[in-house]
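Line by line, the protein sequences give chains A and B.
Positions 870 to 981 (this note's numbering) are the ones given, in order, by the first sequence.
Positions 870 to 981 (this note's numbering) are the ones given, in order, by the second sequence.
Don't be surprised by glycine CBs; every beta carbon is placed ideally from N, CA and C.
All remarks here apply to the structure that follows.
2 protein chains.
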Amino acid sequence: MLAKELVAASTVPLVLSVLTEGENYGYALIQRVRELSGGKIEWTEGMLYPVLHWMEKEDLIESEWHEAETGRKRKYYRLRKEGRKALQEEKQQWMSVHETLTKLWQPQPRLT
Amino acid sequence: MLAKELVAASTVPLVLSVLTEGENYGYALIQRVRELSGGKIEWTEGMLYPVLHWMEKEDLIESEWHEAETGRKRKYYRLRKEGRKALQEEKQQWMSVHETLTKLWQPQPRLT
DNA sequence: TGACAAGCATAGCAATGCAAGGCATAACAC
DNA sequence: GTGTTATGCCTTGCATTGCTATGCTTGTCA
């Protein structure tokens, strides 16, 4: 199981990124992320839904209720312009840290 | 400035990683990380020292006071075996998330 | 008919991040 | 000899927050 700090840091960028695949609903996001991570990232609904609400409040995403084929109602989320912008920013920040870490993970960090 | 979640998630792995370069002290760790990140990662002492104390309590690192060339006293930290193990674990977790994100960042994520 | 999966939601409080502040010494300018 | 900046360590305190636990509905299948 992943450290909670890492989960916290990756939730928003992951939601934004998954939504670039097309609109999707909460329950399916959890499964999509589990699938993409090979089971390593296990979100709970209790942590995801508040994040989705916050992201909507921030205009990163928007939602709409659809009736699924099954007759069941789902709340679909879609990326907004603000969200695409935020994703770019998140990518850059992530890569900054990633590059810093990988510099140190090279065989002989002293020589860099 | 980086999002605070990302800072939180990267602090311990960064400290562990920098210490693989050799023992070092708190104040210098802040500068080393600033340097390695090209100024993107700006730690404050108020957040770092408690983390160092926690890491020492967890036996990830150990400390010793040395007199610097300047005559000033510094508390040097060194990696312990537990810390090296923790670093391996942190690396794996980081890479899990990184790989998940980069899958989604490819030009046509639908096709993966 | 009852158990499970799908689906969304939030109250509540334990845990904690870190800004702010404190202390001390070296170095340097004037 | 004094004012300032950089170096260097430390902790308190409380606002913020993460997320567990819980609750509800509906579809499906045995």
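* Asked: Along the segment 888 to 900 of chain B, what residues have a CB closer than 7 Å to any CB found in chain A?
  -> Answer in chain order: Thr889 and Glu890.
* Are any of the Cβ atoms in chain A nearer than 9 Å to that of Ile910 of chain B? -> yes
* What does Leu875 of chain B touch in chain A if you count any residue whose Cβ is under 8 Å from its own? -> Ala878, Gln962, Trp963 and Val966
* Asked: Would a check of beta-carbon distances place Trp923 of chain B closer than 9 Å to chain A?
  -> no
* How many Å lie between Gln962 of chain A and Glu904 of chain B at the Cα? -> 16 Å
* **CB contact below 9 Å: Glu959 of chain A versus chain B** => yes
* Could you please give the first and the last residue of the uninterrupted alpha helix (DSSP H) stretch that includes Pro914 of chain B? => Here the sequence assigns Glu to residue 914 of chain B, which means Pro is not the residue at that position. For Glu914 of chain B, the enclosing alpha helix (DSSP H) begins and ends at Glu914 to Lys926.
* the ligand ATP heavy atom lying under 8 Å from the CB of Thr971 of chain A -> Among the ligands in the structure shown, none appear at all, so the ligand ATP cannot be discussed.
* To do: Please decide whether Thr969 of chain B counts as near chain A, where near means a Cβ-Cβ distance under 9 Å.
  => yes
* From the DSSP output, which residues share a beta bridge with Ile930 of chain B? -> According to DSSP, Ile930 of chain B bridges with B:Leu948.
* To do: May I ask you to report which of helix, strand or coil DSSP gives Arg901 of chain B?
  => Helix, per DSSP.
* May I have the straight-line CA-CA distance separating Ser932 of chain A from Arg943 of chain A, to the nearest angstrom? => Roughly 10 Å separates the two Cα atoms.
* To do: Kindly indicate if chain B contains any beta-carbon less than 9 Å away from that of Pro882 of chain A.
  => yes
* Who pairs with Arg943 of chain B in a beta bridge, going by DSSP? -> The beta-bridge partner set that DSSP reports for Arg943 of chain B consists of B:His935.
* Span separating the alpha-carbon of Gly915 of chain B from that of Lys873 of chain B -> 14 Å
* **Proximity winner among B:Glu890, B:Arg941 and B:Leu875, relative to Glu911 of chain B (alpha-carbon distances)** => B:Leu875
* To do: Output the distance between the C-alpha atoms of Gly940 of chain A and Glu927 of chain A, rounded to the nearest integer angstrom.
  => 30 Å
* For Ala955 of chain B, does the count of other Cβ atoms within 10 angstroms reach 16, so buried, or fall short, so exposed? -> buried
* So, is the C-beta of Val920 of chain B closer than 9 Å to a C-beta in chain A? -> Val920 of chain B does not count as touching chain A.
* Hey, quick one: how far does the alpha helix (DSSP H) through Ala878 of chain A stretch, first residue to last? -> Lys873 to Leu888
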